[in-house]
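These protein sequence lines map, in sequence, to chains A and B.
Quick note, the working numbering runs 671 ahead of the 1-based positions in the first sequence.
Quick note, the working numbering runs 1 ahead of the 1-based positions in the second sequence.
Backbone N, C-alpha and C fix where the C-beta goes; we use that ideal spot for every residue, glycine too.
This structure is a prediction, so every number in the text was calculated from the model and none was measured.
First up is the structure itself, then whatever we jot down about it.
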Amino acid sequence: MTQADSLSRFSQTTILICKGTGCVSTKSDEISEEFEEQLKNFNLQDKVKVDFTGCHGFCAQGPIVIVEPEGIMYAQVKTPNVAKIVASHLKDGTPVEELFFVDPKLNKRIGKYNEIDFYSKQTRMILGNCGHINPENIDDYIETGGYSGLRNALEKTPEEIIKIIKDSGLRGRGGAGFSTGLKWQFCHNAPGSQKYVICNADEGDPGAFMDRSLLEADPHSVLEGMIIGAFAIGASHGIIYVRAEYPLAIKRFTRALETATELGFLGDNILNSGFSFDISVHEGAGAFVCGEETALMASIEGERGNPRTRPPYPATSGLWGNPTNINNVKTWASAAWIFKNGWEKFHEIGVENATGTAIFSLTGKVKNLGLIEVPMGTPLKEIVYDIGGGILDDRDFKAVQTGGPSGGCLPPSHLDSPVDFETMAASGSIMGSGGMIVLDETNCMVKLAHYFLTFTQAESCGKCIPCRIGTRAMLLILDKIITGKGEDKDLMLLEELAYTVKMGSLCALGQTAPNPVLTTLKYFRNEYQSHIFDKRCIAKDCQDLINYVIDESLCNGCTTCARNCPVNAITGEKGQVHFIDTSECVKCGICYSSCPKTAIYKEDRPFEVIEQ
Amino acid sequence: MVAAEALDSTVHKILNSREKERKHLIPILQDIQKEYGYLSKENMIRISEYLEMSPNEVYGVASFYQQFKFIKPGKHIISVCLGTACFVKGGNVLAETVRTKLGIEPGETTEDGLFSFERVACLGCCALSPVVQIDNEIYGQVKPSKLLRLIERMIKKEKSEEASK
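Right under this line is the structure:
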């Protein structure tokens, strides 16, 4: 919807080059320079404009180049391709088909990005500007209606603003899904002359990048939401807490702060309303627990990021004891959207109790990887198969993991369930902040649970015992199971421990840490059992339970595996079939993933060998 | 020792650019690390003197956060992403590749001081998984063989630079 709206913006042919973190890593800066160069060569520099955007969300297809106003998208553009695009498309008017995106389902090249399933099946509201405006140019944001929401809001009373947010049904996008309107009201009502608003951009969930992309591609929307919120709450100072690992997001947001201040949207007496507000940037130093409100505030105060018991809630006693309101990046951006487009429109989208859209970073074993936005209540199946294009290599779908280390895995039987707060919670997972990782038959669920627990165990701040020692004890059991040393009693003990940690921990980190274990035990118990009783990993993913073997009929003796083997466990003459000595092999898997003939396969290690 | 004096004045500059308030502790630690690549004991003591708190407290805060390093990092830093998206696509094989190739564990530096090996929780480029960051450059959809080639190329380059000196 918003994509189409924004098309009218371009009066002259414009080349938009994606400069999100993903595309920059695939050298979009060079592409940009090359376009400037080639346009000069063809004497088109006055007719065609070169500009850049933030993340389109389709990072795996990067670098992405879009030609507007036609809306033609070129995927995985390399520097040498640029001359051809300029000569054929921009000069002669014939788009270069061979550089179009190939739809994995239809196996067909598609030029217009709004005809690509990945985009057309989405509802891009909050991400509407992402990939279409220059994030460092405030005029682009204003042209698409930016800051009109702020003007709207400033004409209202704080109470009216809070009512609008309540009526919209907006719930926190950080994971817990608490009513944003109520949260604002609590802080608004709290006594105190000094109040703070904080934007939580400490996106610690490994495997999620929604907040980073939004900050990089449309920083003003987050900023506008914060100003509206601060006005409603009565806060004079705001802080954005961003991971230091996101330098580009920090740079773009800082730039947004500067330009917004220049134009009077921020600072003293905003738009002559008498309201003054400023924002500072705080770089997080890398601690997952700092995504928790009270830990985040401790960190801003210059302390170790230990959470504390609540109440008192931050709304009454937060940063330096003052009333503080913390919302996630996407929540702030949603607030800005509501004031720009009206709460009714927001309320129309989604389902009862979960209005608006959900933003996910769709990764793992799907064909189309990237950042997506769908109405709340969309069935999982639509996300995985329609937008995601199905499972990579057409393997079998095994599970989808949401909510990161605090969430859980849902099996194929849940593919029809809608994505919303309550449904996800009822199935044992959580909506989370937006990480969505798709797993196929080659992923072991026990190993995945082990992976998440390794993460939470390392990130546990150590303040409370159930989390510090409980997660450690659970991890030791999982260690035993994935290395084939699991015993009969382990599953019962693991479950018991999981509930103890869940109930006894102080903050959400500990309370949710057992979720990956509990959901895999619930839906994939057979995998645990086969590890324990048969010493077998069904997915052949656990290195201690498998052997790598070379298929003699496929090996052509190219020596790649032997050269790459770190322990010289592979022998064979050039041109002859190679052989892996399993007694020397350390199961690193390098040969398996580098064999050009895919001649190396995994087989179960004999039961007797593991037993010894 | 001219070098030591120069170091001193840089630290002073960093410290004096911020007020003596507790809330500036983490930003100061970040600035110092940006300058030197790590937090030396001496520098942490200087910070503690400036902010009038105990060196223990400074170390206590610094050691809580993963960003801070306490030993001098190598010339090149290889960070293997082990976020979930990278993990399910074989990020651990890449970590194993670096470990076996350089003979060091995550968090360690090679004896010649050329390479440090880090595991990171997520670089936020999940759609390019598996991802490896070498110095400031991010490499997406990396295969072990490609990673080995990258490392070998760096070693070769370092050796030829060493020889031409």
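Just checking, does the region 991-1002 of chain A make contact with the region 861-868 of chain A on the three C-beta pairs under 8 Å criterion? yes
In chain order, what residues of the same chain lie with their CB nearer than 7 Å to the CB of residue 1266/A, ignoring the 5 residues before and after it? 1231, 1232
Taking the CB atoms as reference points, tell me whether residue 942/A and residue 935/A lie closer together than 8 Å. yes
When burial is assigned at 16 or more other CB atoms within 10 Å of the CB, is residue 1129/A buried or exposed? exposed
Could you pull the DSSP bridge partners for residue 723/A from this structure? 688/A
What did DSSP end up calling residue 111/B once you bin it into helix, strand or coil? coil
In angstroms with no decimal places, state the Cα-to-Cα distance between residue 91/B and residue 128/B. 14 Å
I'd like to know if residue 880/A contacts chain B, where contact means its C-beta is closer than 8 Å to some C-beta of that chain. yes
So, do the region 790-799 of chain A and the region 747-766 of chain A have three or more beta carbon pairs nearer to each other than 8 Å? no
Span of the alpha helix (DSSP H) holding residue 970/A? 964-971
Would you decide whether residue 160/B is buried or exposed? Buried here means 16 or more other CB atoms lie within 10 Å of its CB. exposed
At a Cβ threshold of 8 Å, is residue 97/B touching chain C? Protein chains in the displayed structure are A and B, and chain C is not among them.
Tell me the rounded alpha-carbon separation between residue 151/B and residue 77/B. 12 Å
Within 10 angstroms of the Cβ of residue 1042/A, are there 16 or more other Cβ atoms? Answer buried if so, exposed if not. buried
Does the region 1139-1149 of chain A come within contact of the region 1239-1246 of chain A, defined as at least 3 CB pairs closer than 8 Å? no
Proximity to residue 946/A [Cα-Cα], best of 1049/A, 901/A, 859/A: 901/A
Using DSSP bridges, identify the partner residues of residue 1035/A. 1109/A
So which residues on chain B does residue 697/A lean against when the C-beta distance must stay under 7 Å? 141
Under 8 Å, with one C-beta from each stretch per pair, do the region 1059-1071 of chain A and the region 1107-1124 of chain A reach the 3-pair mark? yes
Please tell me whether residue 954/A has its Cβ less than 8 Å away from any Cβ of chain B. yes
Helix, strand or coil at residue 908/A [DSSP, three-state]: strand
What whole-angstrom Cβ distance do residue 141/B and residue 126/B have, given they're in contact under 8 Å? 6 Å
State buried or exposed for residue 2/B, treating a residue as buried only when at least 16 other CB atoms are found within 10 Å of its CB. Summary for residue 2/B: the model assigns pLDDT 40, below 50, so the residue's position carries little reliability, and this model does not support an answer.
Could you give the distance in angstroms between the alpha-carbon of residue 1218/A and the alpha-carbon of residue 1273/A? 6 Å
For residue 874/A and residue 1104/A, believed in contact at Cβ under 8 Å, the rounded distance: 7 Å
Hey, would you say residue 1022/A sits closer than 8 Å to residue 955/A, going by beta carbons? no
Inspect the beta-carbon positions of residue 724/A and residue 888/A and report whether they are closer than 8 Å. yes
Excluding the five sequence neighbours on either side, which residues of its own chain have a C-beta within less than 6 Å of the C-beta of residue 1235/A, listed in chain order? 1261, 1265
Within the continuous beta strand (DSSP E) that includes residue 995/A, where are the two ends? 995-999
Could you tell me whether the region 79-99 of chain B touches the region 44-61 of chain B, using the rule of 3 or more Cβ pairs below 8 Å? no
Given that a residue counts as buried once 16 or more other Cβ atoms are within 10 Å of its Cβ, and exposed if not, what is residue 1014/A? buried
In terms of alpha-carbon separation, which member of 1271/A, 1172/A, 1075/A, 827/A lies closest to residue 1187/A? 1075/A
Per DSSP, what kind of secondary structure is residue 1046/A in: helix, strand or coil? strand
Of the listed residues 835/A, 1159/A, 1197/A, nearest to residue 1017/A (C-alpha basis): 835/A
Since residue 775/A contacts residue 1038/A with CB under 8 Å, what's their CB separation in whole angstroms? 4 Å
Do residue 958/A and residue 39/B have their CB atoms nearer than 8 Å? no
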